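Protein chains in written order, with our numbering: chain Z, 8 to 347; chain A, 8 to 347; chain Y, 8 to 347.
Okay, so here's the structure we're looking at.
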Amino acid sequence: MELTLAEIARLVEGDLDGDGSLKIRDVAKIEEAQPGEVSFISNPKYAKFIETTRASAVIVGRDFPPVKQATIRTQNPYFSFLKLLVMFHPAEEAVSLGTHPSAVIDATARIGSNCRIGACVVVDRNCQIGENVTLYPGVVIGRNAQVGDNTVLHANVVLRERVRIGNNVIIHSGTVVGSDGFGFAREGEHYHKIPQIGIVIIEDDVEIGSNCSIDRATLGHTIIRKGVKLDNLIQVAHNVEIGEDTVMAAQSGIAGSTKIGHHVVVGGQVGIVGHIEVGNNTTIAAQSGVTKKLPPDSVYFGTPARPIMQAKREEVALRKMPELLKRIAALEAMVMETKK
Amino acid sequence: MELTLAEIARLVEGDLDGDGSLKIRDVAKIEEAQPGEVSFISNPKYAKFIETTRASAVIVGRDFPPVKQATIRTQNPYFSFLKLLVMFHPAEEAVSLGTHPSAVIDATARIGSNCRIGACVVVDRNCQIGENVTLYPGVVIGRNAQVGDNTVLHANVVLRERVRIGNNVIIHSGTVVGSDGFGFAREGEHYHKIPQIGIVIIEDDVEIGSNCSIDRATLGHTIIRKGVKLDNLIQVAHNVEIGEDTVMAAQSGIAGSTKIGHHVVVGGQVGIVGHIEVGNNTTIAAQSGVTKKLPPDSVYFGTPARPIMQAKREEVALRKMPELLKRIAALEAMVMETKK
Amino acid sequence: MELTLAEIARLVEGDLDGDGSLKIRDVAKIEEAQPGEVSFISNPKYAKFIETTRASAVIVGRDFPPVKQATIRTQNPYFSFLKLLVMFHPAEEAVSLGTHPSAVIDATARIGSNCRIGACVVVDRNCQIGENVTLYPGVVIGRNAQVGDNTVLHANVVLRERVRIGNNVIIHSGTVVGSDGFGFAREGEHYHKIPQIGIVIIEDDVEIGSNCSIDRATLGHTIIRKGVKLDNLIQVAHNVEIGEDTVMAAQSGIAGSTKIGHHVVVGGQVGIVGHIEVGNNTTIAAQSGVTKKLPPDSVYFGTPARPIMQAKREEVALRKMPELLKRIAALEAMVMETKK
């Protein structure tokens, strides 16, 4: 695809300063862009690259200083760039329309129109698959599961029986939704399995990374609400609830029955114990261990997680500890001497 | 299914106080139960819900105060509840009896009677599969592997060649048993692979969660003993041994050649270094980093893991550090002044 | 297979002291070896087993004290042992030559000679697969992906579209290469997906464990350079670069755009934040949290990661804190008294 710079300026509703007839064939990062490509500067850290970039044109903020290249000035250069990114790289339809002959779709499953079902996909009894759904090769969907419209399940995703996935959901490869919760009752020396008969509900507009484990509830449901974004290798235990538009980075885990609020931000490798609540809009820094209820609108860090300013003060103090030991020994010596 | 309250009381060997002819159609959590459902109170934290529950009947302990609802009193209300849970929700046979025509079973594999082998399952040469085994769609079993009676492998589980799985084992989706141990020998600038020719042995009554990695031994075997329960996303390295009835929560990892005792309890996101032993009946709290041999019958916490009472005292002391810095500065000022 | 002790001594270029006609049928660990097997002692910790081993012969270093068994003395007993290990246990060709009839190979894919493609493998449009490649059952390869010569992808590995895998690469089961990077732009209350249109490049001689997640770049590429070895359950985010011959232990994670040098050693469960650099030849101890740029040729530990000697001193100081609190209280009392 090729667009002129004038066309691009119109698309991003920006002010063009330069030759509008220039042909642009792609977008690129400022430090990697080549002639024929448009780039952008949003983060001031990257402003220095304006001197050396080979990009034919650069999208900058309205208050960016004058530069020698062709520029398009917009309110939010990053969003303008994203718009062009989608324009130049429309999502590929990576599975053909219809059902691959090697897929095994139970006769009782209902499949909506315009679905793309890849090779070796297995859809079990009584499943309901919406419209425009894409199931990549190797996806396995258990009995009575539901998948909403426009949802994409990547290769080798597993949905266990009765889970319910909403509309416009994306689940990446290897993720398992609806595996049994980790529930055992100890009786003497042995553990007996507690049946996990609940389900998982994933609401609309959720995206889940690769190789995550989302367990079904013991009773009732594990629920991931609208707009949640989970990174890779995340553990969500039975009966957890994750509120709307919460995001969690990779390798974090939430233990059973914990309720995470909406618009919470969880860093990577965080662990959150079971049976607690994390308030709305709270941020938990990477590698923290959350051991008790967290209030809303706060920032926590550390193991055990504590308000980040406190954690940092303690961190600073710990840095001084080895020197402090010497100061205290010196003090003791002086006091002893004084006493004598 | 529907049972009368009298029938339920008999099933759980409890004493009924209320109308035995009441029809009960399901079990539910005390705070979610509806008319027609029976619930229970075991944890005193939930006793308050007795006032507001809509359950038609509640199972309580023998010493629970009198209540207005129909009650069944038993020794252990939680076990009574589990018994009913299994009664009202018998395990679904989610794969049809026999072998799905799309499964690829090598002619030399021996499959026991009453097996359920799903779509797109692959069983390689000389495998031995016991009786009443369920292989969900997408399971792949390598050459010469053995699977015992009544074992269930969920969708997309991979067993590599020669691993041996016992009876009554459950392995959840995406888990890999028998991947190569992480063994390399550095020679100059490069690493050379050390062949991993050992196996994995998983004994009877083990349950392993989803997306775990259980590596085969370099030589000999990695072994997970009878009754062990592993949660999701767990790493078990080559030549590890996990003793009977040990339980490990999600995202924990054990490095090579470490030996975990029996009845050990490991919290989530714990890391245990290689070549050590963890004693029987020991508990390791979540997110700990175990760096050396742990004695039996103890509770450890922290990185590096230390006796939990010690770790907590240090934790409390660390909390006081920022204030302590001020106290020491004040002391120093006073001592200096005194000295003058 | 059976070799004489004389043949073995010649193979490992060692000096034989004992009966060269002895028949040896396998190698084994010193504490498990049986008559007819050869073992070795490399680590001095294991020297004691020389007294009790049942091995018919033992490979030892040139300066090892005289022993009663037949010995072969070499410069590096461990390497000698590995050589024999490979000799007695040649890699099994676990997938038959050719393409299994149940595999779904798009007509436009180019497959090199001597490939072994297992049951239910899916290879999409325009893929290029080199020579002598082994694809175990259930592998899914997306459009336009490339796989080099002699590469082995274990069961249920997923390669997303356009990723490029080099020669002599091994990827273990359940690993996903090329899942979308975790990139979202917040606009008001919601997060919008940033298209991840870059790729993943994995160079020659790389080995990746099971159930890892290697994300594709937003733009450009995520790159894992020649000779890198990754353990299981590792997270590599978008636009990360890992330098040559770097090794990472299980459950570690690297956030977006971070650049790891060559010959870096990363312990298990380490987390590394995004947009930083880790210098060449640096070691990061297990469970560390790396929050800023690390220099080359150093050893770091802790959260936040700091030079290991410093971290250990602080650790020691923290151990003394509870006692220190008492010492300070005592000091304060004495100073107060003195003042009076």
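Yeah, the Cβ is synthetic: ideal placement off N, Cα and C, and Gly gets one too.
Owing to the predicted nature of the structure, the values given are computational and were not obtained by experimental measurement.
Per-residue contacts from A/P144 into chain Z (C-beta, under 7 Å): Simply V129 and V147.
My output table needs one value for A/F95: the three-state DSSP class, helix, strand or coil. helix
Where does Y/E44 fall in DSSP's three states? Of the three classes helix, strand and coil, the one that applies to Y/E44 here is strand, per DSSP.
Answer yes or no: do Z/V170 and A/N163 have a C-beta to C-beta separation smaller than 8 Å? The Cβ atoms of Z/V170 and A/N163 do not sit closer than 8 Å to each other.
Exposed or buried, what is A/G105 when buried is set at 16 or more other beta-carbons lying within 10 Å of its beta-carbon? exposed
Would a check of beta-carbon distances place A/Y307 closer than 8 Å to chain Z? It does not: the Cβ of A/Y307 has no partner Cβ on chain Z nearer than 8 Å.
My understanding is that A/T78 touches A/V93, with C-beta atoms under 8 Å, so please give their C-beta distance in whole angstroms. Not really, about 21 Å apart at Cβ, beyond 8 Å.
So with Cβ pairs under 8 Å, would you call Y/D252 a contact of chain A? Interface residue, yes.
Look at the Cβ atom of Z/V34, then the Cβ atom of Z/F95, and state whether they are nearer than 8 Å. yes
Nearest chain A C-beta to Z/S220 closer than 8 Å, yes or no? yes
Extent of the continuous beta strand (DSSP E) run through A/R193: F191 to E194
Using a Cβ-Cβ cutoff of less than 7 Å, which residues in the same chain neighbour Z/T115 once the five nearest sequence positions on both sides are dropped? R132 and N133
Would you list, in chain order, the members of the region 163 to 182 of chain A that have their beta-carbon closer than 8 Å to a beta-carbon of chain Z? N163, I177, H179, S180 and G181
Mind pulling the chain Y residues with CB within less than 7 Å of Z/G275? Ordered by position in chain Y, the residues that pass the 7 Å Cβ test against Z/G275 are G260, A262 and G278.
Rounding to the nearest angstrom, what Cα-Cα distance links A/D26 and A/S63 in this structure? 10 Å
Taking only beta-carbon atoms, is Z/Y53 less than 8 Å away from chain A? no
At the level of alpha carbons, what is the spacing between Z/E251 and Z/I215? Those two C-alpha atoms are separated by around 14 Å.
Please confirm if the region 202 to 218 of chain A is in contact with the region 239 to 250 of chain A, defined as three or more CB-CB distances below 8 Å between the two stretches. yes
Just mark Z/A224 as buried or exposed, buried being the case when its beta carbon has 16 or more other beta carbons within 10 Å. buried
Coil, strand or helix - Z/E330 by DSSP: helix
Based on the DSSP secondary-structure assignment, which residues constitute the bridge partners of Y/L237? Y/I215 and Y/M255
Could you tell me which residues DSSP puts in a beta bridge with A/Q242? A/S220 and A/G260
Cβ-Cβ distance between A/I261 and A/I230 below 8 Å: no
Below-8 Å beta-carbon distance, Y/I335 vs any chain A residue: yes
Proximal residues to Z/S103 (C-beta, below 7 Å), its chain only, five neighbours per side dropped: R123
Do you know how far the Cα of Z/I279 is from the Cα of Z/I267? 10 Å
Tell me, please, whether the CB atom of Y/Q242 is closer than 8 Å to any CB atom in chain A? no
Using CA atoms only, rank isn't needed, just tell me which of Z/L142, Z/M343, Z/I31 and Z/H107 is closest to Z/L91. Z/I31
List, in order along the chain, the chain Y residues whose C-beta lies closer than 8 Å to that of Z/L376? Limits of chain Z in this structure are 8 at one end and 347 at the other, which puts residue 376 of chain Z out of reach.
Who does A/Q135 pair with in a DSSP beta bridge? A/R117 and A/Q153
From the DSSP output, which residues share a beta bridge with Y/T11? Y/K30
Backbone secondary structure at A/F86 - three-state DSSP: helix
Three Cβ pairs or more, each shorter than 8 Å: is that satisfied between the region 327 to 340 of chain Y and the region 301 to 311 of chain Y? no
Have a look at Y/E284, Y/N288, Y/I283 and Y/M255 and flag the residue whose alpha-carbon is nearest the alpha-carbon of Y/G274. Y/M255
Let me check one thing: in DSSP terms, what residues is Y/K52 bridge-paired to? Beta-bridge pairing links Y/K52 to no other residue.
Ignore the nearest five residues each way along the sequence and tell me which others in A/I57's own chain have a CB closer than 6 Å to its CB. V74
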